[in-house]
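**Q** Chains as they are written, first to last, in the working numbering: chain A, 1 to 363; chain B, 1001 to 1363; chain C, 2001 to 2363; chain D, 3001 to 3363.
Ideal Cβ positions, reconstructed from N, Cα and C, are used throughout, including at glycine.
None of the values given here were measured: they were computed from a predicted structure.
Input: one structure, supplied below.
Protein chains: 4
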Amino acid sequence: MDHGHPAAKINLRNDYSEGAHPRLLQALAMASTEVNRGYGLDVHSERASALIRDRLGRDADVHFLAGGTQTNLVALAAFLRPHEAVIAPASGHIATHETGAIEASGHKVLTVATPDGKLSPELIQPCVDGHAGEHMVKPRMVYISNTTEWGTLYSALELQALGAFCRSRGLLLYVDGARLASALTTPGNDVDLALLSTEADAFYIGGTKNGALLGEALVIVNPALRTDFRHVIKQRGAMLAKGMVVGAQFEALFEDGLYFVLATHANVMAEQLREMLQQAGVPLAVDSPSNQVFPMLPNALVERLQQYVEFETWERRGDGTTVIRLMTSWATPESAIEAFAGIFPALYREGRAAMAASQAQGA
Amino acid sequence: MDHGHPAAKINLRNDYSEGAHPRLLQALAMASTEVNRGYGLDVHSERASALIRDRLGRDADVHFLAGGTQTNLVALAAFLRPHEAVIAPASGHIATHETGAIEASGHKVLTVATPDGKLSPELIQPCVDGHAGEHMVKPRMVYISNTTEWGTLYSALELQALGAFCRSRGLLLYVDGARLASALTTPGNDVDLALLSTEADAFYIGGTKNGALLGEALVIVNPALRTDFRHVIKQRGAMLAKGMVVGAQFEALFEDGLYFVLATHANVMAEQLREMLQQAGVPLAVDSPSNQVFPMLPNALVERLQQYVEFETWERRGDGTTVIRLMTSWATPESAIEAFAGIFPALYREGRAAMAASQAQGA
Amino acid sequence: MDHGHPAAKINLRNDYSEGAHPRLLQALAMASTEVNRGYGLDVHSERASALIRDRLGRDADVHFLAGGTQTNLVALAAFLRPHEAVIAPASGHIATHETGAIEASGHKVLTVATPDGKLSPELIQPCVDGHAGEHMVKPRMVYISNTTEWGTLYSALELQALGAFCRSRGLLLYVDGARLASALTTPGNDVDLALLSTEADAFYIGGTKNGALLGEALVIVNPALRTDFRHVIKQRGAMLAKGMVVGAQFEALFEDGLYFVLATHANVMAEQLREMLQQAGVPLAVDSPSNQVFPMLPNALVERLQQYVEFETWERRGDGTTVIRLMTSWATPESAIEAFAGIFPALYREGRAAMAASQAQGA
Amino acid sequence: MDHGHPAAKINLRNDYSEGAHPRLLQALAMASTEVNRGYGLDVHSERASALIRDRLGRDADVHFLAGGTQTNLVALAAFLRPHEAVIAPASGHIATHETGAIEASGHKVLTVATPDGKLSPELIQPCVDGHAGEHMVKPRMVYISNTTEWGTLYSALELQALGAFCRSRGLLLYVDGARLASALTTPGNDVDLALLSTEADAFYIGGTKNGALLGEALVIVNPALRTDFRHVIKQRGAMLAKGMVVGAQFEALFEDGLYFVLATHANVMAEQLREMLQQAGVPLAVDSPSNQVFPMLPNALVERLQQYVEFETWERRGDGTTVIRLMTSWATPESAIEAFAGIFPALYREGRAAMAASQAQGA
């Protein structure tokens, strides 16, 4: 979780510490001088929807919501019958960090252990097979995120395999795209919004973590899931009176590709971090090509590093090391990476030496 | 509900068609250049909370949420046990225009008919007495709004009577303040935030309808209701990652009284409307001193007026008249009132004449 | 509600004070010596389902549940999406005496005032028309009971009109049959199970109030409502491990018409009460031809009568009278009616005289 | 799950295939001739409550409900706030076989892997520690069952350790006693109802699986959990109009110890099974001293055995064996055990030989 971080420290904590990109603020200022229809029926929301649909190459309903947990819970509340459950990776956001929002809507989250936060037909199959009959919930949806909580991403082939599996088993495929921007702009990525809309029944395009003040664009591709969706938005308290607040930001993000520019910057900054860590010989807990980097550090180094850098502690391992998460954002200045590179190698050598000494003593 | 309204028309539709006051946009732009803690733990939210608490003269928890329906549902979900119900006026927002958000949280809304949208001990008593035993829900909370859906407001005496009644009957008192700004700045009002915090267990201070892009400040006075409230905010999808988005706006609204200045403007504009209507001899459906005006017009006039003015149709009466709602906002220009005054009297005379002719024919 | 009642008093309190008819107890004793499949998949439940289907003349799913509130909540939880609401008479059981069970499943109950507990297209229409758009719940089901809470019943014509209206408006029709036995055996009734299954999408056949220890048979006629229904039964805690407990009782009730014999007895006993009251000149609050009788008595008489008779007090009127409910059951002995007839007329004359004297004094 | 089983087969499927013990049926027949108050306020329910309280040696509220899933969901719905979660063994009934009933009430079930279905402070601790802050559900209750789904049971020391841990961590302890009768009558057991009531905040005494037609007795020891509990029973559709149906059965079970006699019989029958299996050299998957026995059999034997015996298949292992569950009940005749003993050894030798041959072939 978040703790205070004086500006003096190097900020690599997350991708939502900074506000909005200036062009989004400008769009909001412009729209604020207008008279707009309420509840998401304004011209900005409509235009932003159209811009997104253009990239799909197919029809879809687009709804603008405030945040990721909200989007997930509204979607699942609308899509599932009471006894239907969603299958998620054990590390999935809905399974771990949404305070039981899905359960509060009445649905069980079935979790599957994964090495890297990603699901596959092989991982899902036993969960589906293991839930038969009326004494168990009925798996009805597969939830994945792209990128995942571990910064990993799905290839086109992997998504197609998941999509085909879900269709063959009567499962809906839902993609949490809080960090979709990062996924789509990672070097080597071969997924685009069009492909996503071919495989997923619904997905959302995250704005909050890519330069917006707030906002996610939920794309409902499957026509059967569209009926009365605005009723459910309203019922869950998720319909903004001034819907243009999100619409205008997405309009600015998608009218000329700013959405991808911002994410690319975050990815480039992360790549610089990875390279620097590699040169310093630091092992990474997972091979994540996106804006999240998970170095494994000697325990003692973690605390020391916190004096200079803002970051999240991810996982304490048994072997004297701790996985930390370094995260870049659309707003991470190159100077932050340079500053980090300036202090880290020496600290790391120190930490390694201390660990070796301590282990020698222990043995 | 809202329909499209070309800028050419005079806009008296509602108080959320316009965006944010420039000073709030400026505050957001400033905060956007900073690194802030997430989830409402930022310095702006903290300062805004402190500014609000200062006006209460007592301790309270302040939480910033996105909109009114959301605030109501999060609060009631947190405050009530499953079998506990809330008593509301039949015209109350939670009873009519929130798509069953309270019921979706599991709670029944018990409604009481009122002449003007206001509850009193006398109106509540029979509802409380009529719900005894385990075969009925247990009334546990009284919900009022100030101003009400009919633009009426509570006096200090009325609030004190309600507060005393609730305390004596083990009921919580909750005040929906979507338009609290309008109430507190109406001439003749004798309620302030301090008094509100003495009588209500919790209430919210509306921002969306008084110059903010979005945002309501929920004030929880009763200590027993505060435990784990942030868990419930998160669970209902109502915790903004960039909580400063609302915090910074409330900071701007409360640091030097802008909140009251904006509402006063809306009220003054409405008062000019009321005076004009009175001079034209138009009866009002209810005596509302705030930013909502409810003239009763000949049915035929309503459609004609819609060619020039944006407004809501409220209630068709059996006597050939229709109640419409004219609403002003913090952003309503004086020129709009003047334009309305320029066209209305002639249209009204015409409409009255047509109605008289039609009634003569009918007789 | 229920209060203690020594056996010495004449019992006209309700139709669930007595246990089960001996033939049902015998059926349970027989089935108890067998080995049966669990969870309602036993031969008794299957045969009981077949016996009921035979009377419908059409295919339907039949599920056996424990009680009326449970049946209503399981059915509505399964049939409605989150934003969909049910329209009920204001006196309807789901609206008044189920402790918000429907709301606890997330759905709003929209109520319509009625003179006699019965709904009609004319009464429903305004409620449907008044709920449009995503800011309001969407009316999706009409709930009626037969007989109603006021002991009144629907004619075939009335049911057909309701059915046609519902089909034309995309509404489901659901019939609460807690006292369906009484309705179907009332002299003058022209509804049977076959007609009910033509007009209603689902309904239940009450057992608890007609000679069973517990148990209601839910009949789902509309195929679209049948999917995964057993999942929802289980999820709501309504699936009995020993499902034969209800199945065997319904088998006994329906294998040779005992269900109708028992209800006929209750109706005959009530008719004797009505005749006696009529001869004594007692006005009835509503013209109910079934096993519920609602005399209006001088207030002072009510307390006096409670010394001799067990009954429910229904409604205190402003004119010095109180409506009480006298109810007969399958087990009401003729001697109880005779005993009542033996003491009532004198008490009533006394009570009338006292009321007249008191009014004279008051004038 | 359950499948059909002609009477000819030996029945070792479960402990709810048979109906009620004759003395319970007799009690129901007697009570059926009386006039009783409804909704669990009858004299039988009151006396049964008193009989149970006598065995606790302390004050407690006792409520009679219909089944285990229902009891669990009503209790947790009443005891937990929306964001509060329950910790259960991964094999726990609420986690696996209740179709998400707890989630349908809004609460997350946090699961902990166990070797034998039992929880301990050591197993629970990491789950509690791992859930901090408002982005996660708040563990508030520990759910265990005694006996467990694996037929294992808790010692007094183990229960006391759990109780102490829960109290020290602000956790409620809830015991699912669907098969509590079996636990309390197992040789070597040192737990009784008094001790249970000292350690658990609430627990239920199972009737359905120990000779009743239906019914569980929920005992609420912790006074803070008692408020308005009957409201929640009613709201969840769990209040029987004829509450005496369960009350009279529990009266019969507890008035002279029949409850323990019935369970003892089941345990003795299971012990005979275990001895026979041991003599035949069959390994057991878990050391369960109660009425459930889990032999590991060659896969091919399982199908063959099903021709003669009714039982559940529990778990297919990778080594060519399958764990099956043999279960005895209060009604299992000694002749069934003898019949099983008559056919099993030869079948087992055959099966072992076939498996050996097949493995030799495979190698």
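1. Determine the closest residue to Ala1285/B out of Arg1179/B, Ser1049/B and Gly1117/B, with distance taken between C-alpha atoms.
2. For the putative contact between Thr1048/B and Glu1251/B, defined by C-beta atoms under 8 angstroms, what is the C-beta separation to the nearest angstrom?
3. Whose Cβ in chain D lies nearer than 7 angstroms to the Cβ of His1135/B?
4. Cβ of Ala3212/D within 9 angstroms of Cβ of Val3246/D?
5. What separation, rounded to the nearest whole angstrom, lies between the Cα atoms of Ala1183/B and Val1261/B?
6. So that I know if they touch, is there some Cβ in chain D lying closer than 9 angstroms to that of Tyr1039/B?
7. Note down the Cα distance separating Ala2280/C from Ala2008/C, rounded to an integer number of angstroms.
8. Please list, in chain order, the chain D residues whose beta carbon lies closer than 9 angstroms to that of Pro1223/B.
9. Provide the residue span of the alpha helix (DSSP H) that contains Arg236/A, from first to last.
10. So the alpha helix (DSSP H) Pro3121/D belongs to, where does it begin and stop?
11. For Leu3157/D and Cys3166/D, which I take to be in contact (beta-carbon distance under 8 angstroms), what is that distance rounded to the nearest angstrom?
12. Give the secondary structure of Val74/A by DSSP, where H, G and I count as helix, E and B as strand, and everything else as coil.
13. I think Thr3208/D touches Ala2346/C, with their Cβ atoms under 8 angstroms apart; what is that distance to the nearest whole Å?
14. Given 8 angstroms as the limit, tell me if Ala336/A has its C-beta closer than that to any heavy atom belonging to the ligand ADP.
15. For Gly1206/B, list the residues DSSP reports as bridge partners.
16. For Ser32/A, count the other beta carbons within 10 Å of its own beta carbon; 16 or more makes it buried, fewer makes it exposed. Which is it?
17. Can you tell me whether Asp2256/C is buried or exposed? The criterion is at least 16 other CB atoms within 10 Å of its CB, across all chains shown.
18. Against Glu1103/B, what residues of chain C qualify as contacts under a CB-to-CB distance less than 7 angstroms, listed in chain order?
19. Just the C-alpha distance for Pro2333/C and Glu2018/C, rounded to the nearest angstrom, thanks.
20. Select from the region 3065-3091 of chain D all residues with a C-beta closer than 8 angstroms to any C-beta belonging to chain A, and list them in chain order.
21. Let me confirm a value: Ala3050/D is counted as buried when at least 16 other C-beta atoms fall within 10 Å, else exposed. Which label applies?
22. Using the C-alpha atoms, what's the distance from Arg1236/B back to Met1327/B?
23. Measuring CB to CB, does Ile1365/B end up less than 9 angstroms from His1063/B?
24. Mark Gly370/A as exposed unless 16 or more other C-beta atoms lie within 10 angstroms of its C-beta, in which case mark it buried.
25. Should Asp2201/C be labelled buried (16 or more other beta-carbon atoms within 10 Å of its own) or exposed?
26. How long is the line joining the alpha carbons of Ile2324/C and Arg1169/B, rounded to whole angstroms?
27. Just verifying my parser: in three-state terms, what is the DSSP assignment at Leu80/A?
28. Could you tell me which chain A residues have their CB closer than 7 angstroms to the CB of Lys1242/B, listed as they occur along the chain?
29. Taking buried to mean at least 16 other C-beta atoms within 10 Å of its own C-beta, is Met1136/B buried or exposed?
30. The alpha helix (DSSP H) with Tyr2308/C in it runs from where to where?
31. Alpha carbon to alpha carbon, how far is Asn3011/D from Ser197/A? Give it in angstroms, no decimals.
32. Using a threshold of 9 angstroms, state whether the C-beta atoms of Ala3161/D and Pro3115/D are closer than that.
33. Starting from Leu3025/D, find everything on chain C with Cβ-Cβ shorter than 8 angstroms and list it in chain order.
34. Please state the DSSP three-state secondary structure of Asn1291/B.
35. For Asp2015/C, does the count of other Cβ atoms within 10 angstroms reach 16, so buried, or fall short, so exposed?
36. Please determine if the region 2269-2277 of chain C and the region 2067-2075 of chain C are in contact, where contact requires at least 3 C-beta pairs separated by less than 8 angstroms.
**A** According to the structure data:
1. Position 285 of the second sequence, counted from the first residue, corresponds to residue 1285/B. Looking at the Cα atoms, Gly1117/B is the closest of the given residues.
2. What you label residue 1048/B is simply residue 48 of the second sequence in a count that begins at 1. What you label residue 1251/B is simply residue 251 of the second sequence in a count that begins at 1. First, the residue type needs correcting, since residue 1048/B is Ala and not Thr in the sequence shown. The Cβ separation is near 4 angstroms, so the contact holds.
3. Sequence index remark: in the second sequence, residue 1135/B carries index 135 (1-based). Per Cβ cutoff of 7 angstroms: Lys3234.
4. Within the fourth sequence, numbered from 1, the residue matching residue 3212/D stands at position 212. Within the fourth sequence, numbered from 1, the residue matching residue 3246/D stands at position 246. For Ala3212/D and Val3246/D, yes; Cβs fall inside 9 angstroms.
5. Position 183 of the second sequence holds residue 1183/B. Position 261 of the second sequence holds residue 1261/B. Going by the C-alpha atoms only, they are around 13 angstroms apart.
6. Start at 1 with the first residue of the second sequence, and residue 1039/B comes out as number 39. Closer than 9 angstroms to some Cβ of chain D, the Cβ of Tyr1039/B qualifies, so yes.
7. Numbered from 1 along the third sequence, position 280 holds the residue referred to as residue 2280/C. Numbered from 1 along the third sequence, position 8 holds the residue referred to as residue 2008/C. Cα-Cα distance, rounded: 24 angstroms.
8. For this step, residue 1223/B is matched to residue 223 along the second sequence. None at all; the shortest Cβ gap to chain D is about 16 angstroms.
9. Residue mapping note: residue 236/A aligns to position 236 of the first sequence, counting from 1. Arg236/A -> no alpha helix (DSSP H), and no H or E assigned at all.
10. As a working note, residue 3121/D is residue 121 in the fourth sequence. From DSSP, the alpha helix (DSSP H) with Pro3121/D extends over Pro3121 to Asp3129.
11. As a position in the fourth sequence, residue 3157/D is number 157, starting the count at 1. As a position in the fourth sequence, residue 3166/D is number 166, starting the count at 1. Contact doesn't hold; Cβ gap of about 15 angstroms is too wide.
12. Looking up residue 74/A in the first sequence gives position 74. Of the three classes helix, strand and coil, the one that applies to Val74/A here is helix, per DSSP.
13. Stepping through the fourth sequence from its first residue, residue 3208/D is reached at position 208. Stepping through the third sequence from its first residue, residue 2346/C is reached at position 346. Wrong, their Cβ atoms sit about 51 angstroms apart, outside the cutoff.
14. For the structure depicted, the ligand ADP is absent and the ligand set is empty, with no information on it obtainable.
15. Taking the first residue of the second sequence as position 1, residue 1206/B is located at position 206. According to DSSP, which records beta bridges pairwise, Gly1206/B is partnered with Glu1216/B.
16. Within the first sequence, the letter at position 32 stands for residue 32/A. The residue in question, Ser32/A, is buried, as its Cβ has 16 or more Cβ neighbours within 10 Å.
17. In the third sequence, counting from the first residue as 1, residue 2256/C sits at position 256. So Asp2256/C counts as exposed.
18. Taking the first residue of the second sequence as 1, we reach residue 1103/B at position 103. The contacting residues are Glu2103, Gly2106, His2107 and Lys2108.
19. As a first step, residue 2333/C must be located in the third sequence, where it is residue number 333. As a first step, residue 2018/C must be located in the third sequence, where it is residue number 18. About 12 angstroms.
20. Pro3082, His3083 and Ala3085
21. In the fourth sequence, the residue the question calls residue 3050/D occupies position 50. Under this definition Ala3050/D is an exposed residue.
22. Indexing the second sequence from 1 puts residue 1327/B at position 327. Indexing the second sequence from 1 puts residue 1236/B at position 236. Going by the C-alpha atoms only, they are around 31 angstroms apart.
23. Here chain B comprises residues numbered 1001 to 1363, so residue 1365/B is not present and cannot be evaluated.
24. There is simply no residue 370/A to check, as chain A begins at 1 and stops at 363 in what is shown.
25. Walking along the third sequence from the start, residue 2201/C turns up at place 201. By the neighbour-count rule (16 or more Cβ atoms within 10 Å), Asp2201/C is buried.
26. Locating residue 2324/C in the third sequence gives position 324, where the first residue counts as 1. Locating residue 1169/B in the second sequence gives position 169, where the first residue counts as 1. Cα to Cα, Ile2324/C sits roughly 29 angstroms from Arg1169/B.
27. Working through the first sequence from its first residue, we reach residue 80/A at position 80. If DSSP states are grouped into helix, strand and coil, Leu80/A belongs with coil.
28. Along the second sequence, read from residue 1 onward, the residue named residue 1242/B stands at position 242. Within 7 angstroms Cβ-Cβ: Tyr16, Gly19, Thr208, Leu213 and Leu214.
29. Taking the first residue of the second sequence as position 1, residue 1136/B is located at position 136. Buried, by the Cβ-count rule.
30. In the third sequence, counting from the first residue as 1, residue 2308/C sits at position 308. Careful: Tyr2308/C lies outside any alpha helix (DSSP H) and carries neither H nor E.
31. Taking the first sequence and counting its residues from 1, the one referred to as residue 197/A is at position 197. Taking the fourth sequence and counting its residues from 1, the one referred to as residue 3011/D is at position 11. Their backbone Cα atoms lie some 53 angstroms apart in a straight line.
32. Taking the fourth sequence and counting its residues from 1, one reaches residue 3161/D at position 161. Taking the fourth sequence and counting its residues from 1, one reaches residue 3115/D at position 115. No; because the gap between Cβ atoms is not below 9 angstroms, this pair is not in contact.
33. Position 25 of the fourth sequence, counted from the first residue, corresponds to residue 3025/D. By Cβ distance, chain C contributes Leu2025, Leu2028, Ala2029 and Ser2032.
34. Numbered from its first residue, the second sequence carries residue 1291/B at position 291. Three-state DSSP puts Asn1291/B in coil, outside helix and strand.
35. For the purposes of this step, residue 2015/C is taken as the residue at position 15 of the third sequence. So Asp2015/C ends up on the buried side.
36. no
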